[in-house]
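**Q** Here it is, the structure in full.
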Amino acid sequence: MHARDNIRNIAIIAHVDHGKTTLVDKLLQQSGTYRDHETVQERAMDSNDLERERGITILAKNTAITYNDYLINIVDTPGHADFGGEVERIMKMVDGVLLVVDAFEGCMPQTKFVLRKALESNLTPIVVVNKIDRPNARPSEVIDEVLDLFIELGANDNQLEFPVVYASALMGTSSLDPEQQDSNMKALYETITSHIPAPTEEVNAPFQFLVTLLDYNEYMGRIAVGRVNRGVVKQGQTVAVIDREGKTKQARIEKLFGFQGLKKIEIEEAGAGDIVAIAGIREINIGETIADFANPEALPVLKIDEPTLQMTFLVNNSPFAGREGKWVTSRKLRERLFKELETDVALRVDETDSPDAFVVSGRGELHLSILIENMRREGFELQVSKPEVIIKDIDGVKSEPYERLMIDVPEDSMGSVMESLGTRKAEMVNMINNGNGQVRLEFVMPARGLIGYRTSFLTMTRGYGIMNSAFDSYGPLVGTNVGGRHQGVLVSSENGNSTFYGMMGVEDRGIQFVEPGTEIYEGMIVGEHTRENDIIVNICKEKQLNNIRSAGKDDTVKLKTPRLFSLEQALEYLNDDEYCEITPKSIRLRKKILNKSERERAEKHRKTSQAGV
186 MHARDNIRNI
196 AIIAHVDHGK
206 TTLVDKLLQQ
216 SGTYRDHETV
226 QERAMDSNDL
236 ERERGITILA
246 KNTAITYNDY
256 LINIVDTPGH
266 ADFGGEVERI
276 MKMVDGVLLV
286 VDAFEGCMPQ
296 TKFVLRKALE
306 SNLTPIVVVN
316 KIDRPNARPS
326 EVIDEVLDLF
336 IELGANDNQL
346 EFPVVYASAL
356 MGTSSLDPEQ
366 QDSNMKALYE
376 TITSHIPAPT
386 EEVNAPFQFL
396 VTLLDYNEYM
406 GRIAVGRVNR
416 GVVKQGQTVA
426 VIDREGKTKQ
436 ARIEKLFGFQ
446 GLKKIEIEEA
456 GAGDIVAIAG
466 IREINIGETI
476 ADFANPEALP
486 VLKIDEPTLQ
496 MTFLVNNSPF
506 AGREGKWVTS
516 RKLRERLFKE
526 LETDVALRVD
536 ETDSPDAFVV
546 SGRGELHLSI
556 LIENMRREGF
566 ELQVSKPEVI
576 IKDIDGVKSE
586 PYERLMIDVP
596 EDSMGSVMES
606 LGTRKAEMVN
616 MINNGNGQVR
626 LEFVMPARGL
636 IGYRTSFLTM
646 TRGYGIMNSA
656 FDSYGPLVGT
666 NVGGRHQGVL
676 VSSENGNSTF
686 YGMMGVEDRG
696 IQFVEPGTEI
706 YEGMIVGEHT
716 RENDIIVNIC
726 KEKQLNNIRS
736 AGKDDTVKLK
746 TPRLFSLEQA
756 LEYLNDDEYC
766 EITPKSIRLR
776 KKILNKSERE
786 RAEKHRKTSQ
796 AGV
């Protein structure tokens with residue numbers, strides 16, 4: 186067991202894409218954790234396929250390095266506010282944080298979000314100004330921004346005295362001087378060991394351990410990861426497991442693991458302050474306490490911010506149901522959603538009157554779309570409704586979530602962006618023009634207004650705009666319709682395969698979403714109308730051939746390239762009367778009611794009931 190004075194527990198926090206995971210890579214490499222000839226992939230901590238594809242951290246993960254005589258436990262956290270539930274839990278495991286800030290971009294919305302969580306937990310901060318080698322880096326201004334943010338978030342005097350390390354994670358260099366970089370990470374290692382406090386928990390008290398993360402092994406089952414809050418734990422020890430409701434059950438610790446680099450190493454015992462993994466307890470969940478059997482005392486249950494967005498997940502009932510997926514029943518859908526609750530504490534799943542529908546609530550569109558993407562890769566078929574914000578009653582006032590939006594746009598796009606956000610009830614709170622042709626605008630606006638905005642924002646800025654947002658607070662509900670889609674859609678009237686001839690006939694009506702030869706069904710959305718109303722089209726129409734016209738007459742005519750949606754774009758595009766059908770191979774948009782006559786009857790009934798009210 187390590188002496189407590191030689192342990193440092195830190196979390197790395199930052200806005201998305203400011204270089205946290207790359208920094209952990211270099212700390213691991215330069216500490217001698219890997220063997221000389223060991224092959225290590227880039228962003229080694231991003232082990233999930235989705236994390237590698239998107240270049241973002243989704244799940245918090247921990248590692249450990251040895252520097253001189255110190256054991257430094259490092260937890261890499263997500264930078265995106267949609268995965269804030271991961272960040273909040275990690276704060277219970279560590280004594281300090283490395284706040285990584287981009288030397289050019291400075292403080293962004295998620296920087297504020299993750300730093301607030303760290304300061305609330307009274308952790309000791311170190312600021313790392315990363316990407317110092319960027320040609321347009323502005324380290325002194327960024328440090329001023331960070332200091333202002335600390336003051337705004339109510340940091341205490343000790344936290345305001347934070348040390349600053351200037352680094353380039355990509356190059357593996359760091360120093361305490363912004364003008365000159367050392368050739369290694371020594372400055373950062375030294376700052377961590379000298380500034381972050383050692384664990385102060387009592388080793389001689391009864392054992393206590395809070396389950397903060399869950400891992401899984403097909404031989405050992407669930408593995409609980411967390412920090413030993415007090416006492417000593419040994420392999421083979423009998424313990425008490427206290428769940429969130431306070432109920433206690435007996436269990437035995439079969440295996441105990443410490444961390445070294447990216448590997449788990451089996452250990453005999455661990456003491457207060459150590460971050461360890463415990464195997465052998467079958468029904469263990471996040472937020473539960475593992476305690477001494479003779480003195481079972483529960484630790485405070487983790488407090489997690491409430492979800493702000495919800496969607497309805499339904500069993501796929503389209504004409505193509507069951508063709509591409511492995512899991513298609515409501516029983517399997519329910520089982521999978523409730524299994525997700527065990528590892529994602531920021532998610533909520535509520536059953537409805539229908540056994541085929543479940544209301545799933547999360548932190549944002551990305552949070553829910555990652556869940557959907559994982560499910561479709563596992564072989565699930567499902568349908569989802571349009572994302573909706575969660576309205577709450579706070580002190581008798583109907584309230585909705587507001588987001589803090591920060592955008593960087595070229596000066597010539599500023600007017601159109603501000604106008605579009607004005608119609609979505611955004612209020613500008615700050616504007617910075619550094620004179621380099623880019624303007625930074627900061628807004629506070631209803632979260633409803635951001636749903637579906639990203640695509641039009643990129644069009645207005647010709648792809649040069651950068652947009653970031655994070656949950657700010659709940660505010661009074663804005664009565665009018667905010668955001669949403671203004672265009673109608675082209676809805677298929679037939680079952681069959683789309684044909685070149687049929688698509689040519691409706692090309693002047695709008696943008697199409699399918700390619701020739703795609704199998705479609707009645708009620709499926711096949712394009713966007715140029716006007717506000719929906720229209721019925723037949724793109725399965727075949728060309729009538731006779732002895733006057735030849736089949737190859739129109740071969741030289743070319744169709745415009747159709748707009749093909751990614752999962753996030755499809756979810757953003759949805760309207761109230763539409764579903765997104767998701768299978769392992771396809772993403773389709775459809776009307777909730779497929780038949781044209783039934784749809785018209787339902788719309789007429791809706792208008793009549795509204796007029797009656």
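Quick note on the numbering used here: the sequence shown kicks off at 186 and runs consecutively.
Yeah, the Cβ is synthetic: ideal placement off N, Cα and C, and Gly gets one too.
Quantities reported herein were computed from a predicted structural model and do not represent experimental measurements.
I need the boundaries of the alpha helix (DSSP H) containing ILE328, first residue and last residue.
**A** Indexing the sequence shown from 1 puts residue 328 at position 143. Segment 324 to 337, the alpha helix (DSSP H) holding ILE328.
**Q** What residue does the alpha helix (DSSP H) around GLN754 start on, and which one ends it?
**A** In the sequence shown, the residue the question calls residue 754 occupies position 569. Note, GLN754: alpha helix (DSSP H), 752 to 758.
**Q** Relative to the C-alpha of GLN215, which residue among PHE347, ALA354, ARG301 is closest?
**A** As a working note, residue 215 is residue 30 in the sequence shown. Out of PHE347, ALA354, ARG301, ALA354 has the C-alpha closest to the C-alpha of GLN215.
**Q** Compute the Euclidean distance between the alpha carbons of LYS745 and GLY510, then round it to the nearest angstrom.
**A** Residue numbering aside, residue 745 sits at position 560 when the sequence shown is read from its first letter. Residue numbering aside, residue 510 sits at position 325 when the sequence shown is read from its first letter. Distance between the alpha carbons of LYS745 and GLY510: 31 Å.
**Q** Compute the distance between the beta-carbons of LEU526 and LEU518, then report whether it is under 7 Å.
**A** Counting from one through the sequence shown, the residue named residue 526 turns up at place 341. Counting from one through the sequence shown, the residue named residue 518 turns up at place 333. Not in contact: LEU526 and LEU518 (Cβ atoms no closer than 7 Å).
**Q** In its own chain, which residues sit with a C-beta less than 6 Å from the C-beta of ARG412, not counting the 5 before and 5 after it?
**A** Position 227 of the sequence shown, counted from the start, is the residue given in the question as residue 412. The answer, listed in chain order, is MET278, ILE460.
**Q** To the nearest angstrom, how far is the alpha carbon of GLU536 from that of PRO586?
**A** The residue given as residue 536 occupies position 351 in the sequence shown. The residue given as residue 586 occupies position 401 in the sequence shown. Cα-Cα distance, rounded: 23 Å.
**Q** Work out the CA separation of ARG639 and MET630 for me, nearest whole Å.
**A** If you number the sequence shown from 1, residue 630 lands on position 445. If you number the sequence shown from 1, residue 639 lands on position 454. Distance between the alpha carbons of MET630 and ARG639 is about 14 Å.
**Q** Going by DSSP in three states, LEU643 sits in which element: helix, strand or coil?
**A** Residue numbering aside, residue 643 sits at position 458 when the sequence shown is read from its first letter. Of the three classes helix, strand and coil, the one that applies to LEU643 here is helix, per DSSP.
**Q** According to DSSP, is MET488 helix, strand or coil?
**A** The residue you call residue 488 lines up with position 303 of the sequence shown. The residue asked about is misnamed: residue 488 is Lys in this sequence, not Met. If DSSP states are grouped into helix, strand and coil, LYS488 belongs with coil.
**Q** Tell me GLY660's beta-bridge partners as DSSP assigns them.
**A** In the sequence shown, counting from the first residue as 1, residue 660 sits at position 475. GLU585.
**Q** Apart from the five residues on each side of it in sequence, which residues of its chain come closer than 7 Å, Cβ to Cβ, to VAL350?
**A** Taking the first residue of the sequence shown as 1, we reach residue 350 at position 165. So the qualifying residues of the chain are ILE311, VAL313, SER359, LEU361, ALA372, LEU373, THR376.
**Q** Please report the straight-line C-alpha distance between GLY456 and VAL388, rounded to a whole angstrom.
**A** For the purposes of this step, residue 456 is taken as residue 271 along the sequence shown, with counting starting at 1. For the purposes of this step, residue 388 is taken as residue 203 along the sequence shown, with counting starting at 1. Taking the straight line from one Cα to the other gives about 6 Å.
**Q** Could you tell me the distance, in whole angstroms, from the CA atom of TYR706 to the CA atom of VAL272?
**A** The count along the sequence shown starts at 1 and reaches residue 706 at position 521. The count along the sequence shown starts at 1 and reaches residue 272 at position 87. Roughly 44 Å between the two C-alpha positions.
**Q** In whole angstroms, what is the alpha-carbon distance linking LEU774 and ARG589?
**A** The count along the sequence shown starts at 1 and reaches residue 774 at position 589. The count along the sequence shown starts at 1 and reaches residue 589 at position 404. About 30 Å.
**Q** Might you give, ordered along the chain, the residues of its own chain that have their beta carbon closer than 7 Å to the beta carbon of ASP318, omitting 5 neighbours on each side?
**A** Here residue 318 refers to the residue found at position 133 of the sequence shown. Excluding sequence neighbours, ASP318 sits near SER353, MET356.
**Q** With H, G and I counted as helix, E and B as strand and the rest as coil, what does DSSP make of ASP190?
**A** The residue labelled residue 190 in the question sits at position 5 within the sequence shown. Looking at ASP190 - three-state DSSP - the assignment turns out to be helix.
**Q** What first and last residue would you give for the alpha helix (DSSP H) that runs through THR296?
**A** Along the sequence shown, one-based indexing puts residue 296 at 111. 294 to 305 is the span of the alpha helix (DSSP H), which, as asked, contains THR296.
**Q** How about THR433 and PRO391: do their beta carbons lie closer than 7 Å?
**A** One-based indexing of the sequence shown puts residue 433 at position 248. One-based indexing of the sequence shown puts residue 391 at position 206. Not closer than 7 Å, so no.
**Q** Determine the DSSP secondary structure at LYS792, reduced to helix, strand or coil.
**A** Walking along the sequence shown from the start, residue 792 turns up at place 607. The answer is helix: DSSP assigns LYS792 an H, G or I state.
**Q** Taking just the CA atoms, how far does GLN365 sit from GLU700?
**A** Residue numbering aside, residue 700 sits at position 515 when the sequence shown is read from its first letter. Residue numbering aside, residue 365 sits at position 180 when the sequence shown is read from its first letter. Each residue's Cα considered, the two are about 55 Å apart.
**Q** Is GLY161 near LEU494, with beta carbons less than 7 Å apart?
**A** A question about residue 161 goes unanswered here, because the residues of the chain that appear run from 186 up to 798.
**Q** Can you tell me whether DSSP reads GLY600 as helix, strand or coil?
**A** Taking the sequence shown and counting its residues from 1, the one referred to as residue 600 is at position 415. GLY600: helix per DSSP, three-state reduction.
**Q** Provide the residue span of the alpha helix (DSSP H) that contains HIS380, from first to last.
**A** In the sequence shown, counting from the first residue as 1, residue 380 sits at position 195. Here the alpha helix (DSSP H) through HIS380 covers 371 to 380.
**Q** Residue range of the beta strand (DSSP E) that ASN315 falls in?
**A** Sequence index remark: in the sequence shown, residue 315 carries index 130 (1-based). Segment 309 to 315, the beta strand (DSSP E) holding ASN315.
**Q** Looking at SER654: is its Cβ nearer than 7 Å to the Cβ of PRO294?
**A** Your numbering for residue 654 matches position 469 in the sequence shown. Your numbering for residue 294 matches position 109 in the sequence shown. Result yes, Cβ atoms of SER654 and PRO294 sit closer than 7 Å.
**Q** Return the CA-CA distance between LYS792 and GLU785, expressed in angstroms with no decimal places.
**A** Stepping through the sequence shown from its first residue, residue 792 is reached at position 607. Stepping through the sequence shown from its first residue, residue 785 is reached at position 600. Computed Cα separation, rounded: 11 Å.
**Q** Could you compute how far the alpha carbon of THR248 sits from the alpha carbon of ILE259?
**A** Position 63 of the sequence shown, counted from the start, is the residue given in the question as residue 248. Position 74 of the sequence shown, counted from the start, is the residue given in the question as residue 259. Approximately 5 Å, taken between the alpha carbons.
**Q** Based on Cα-Cα distance, which residue from LEU208, ASN780, ILE195, LYS770 lies nearest to ALA506?
**A** Position 321 of the sequence shown holds residue 506. Nearest C-alpha to ALA506: LYS770.
**Q** Under three-state DSSP, which class holds PHE628?
**A** Numbered from its first residue, the sequence shown carries residue 628 at position 443. Strand.
**Q** For THR423, list the residues DSSP reports as bridge partners.
**A** As a working mapping, residue 423 is identified with position 238 in the sequence shown. Per DSSP, ARG437.
**Q** Taking C-alpha atoms, which residue in VAL614, SER641, VAL530 lies nearest to GLU491?
**A** Working through the sequence shown from its first residue, we reach residue 491 at position 306. The candidate whose alpha carbon is nearest that of GLU491 is VAL530.
**Q** Which stretch, first to last residue, makes up the alpha helix (DSSP H) that contains TYR686?
**A** For this step, residue 686 is matched to residue 501 along the sequence shown. Here the alpha helix (DSSP H) through TYR686 covers 685 to 690.
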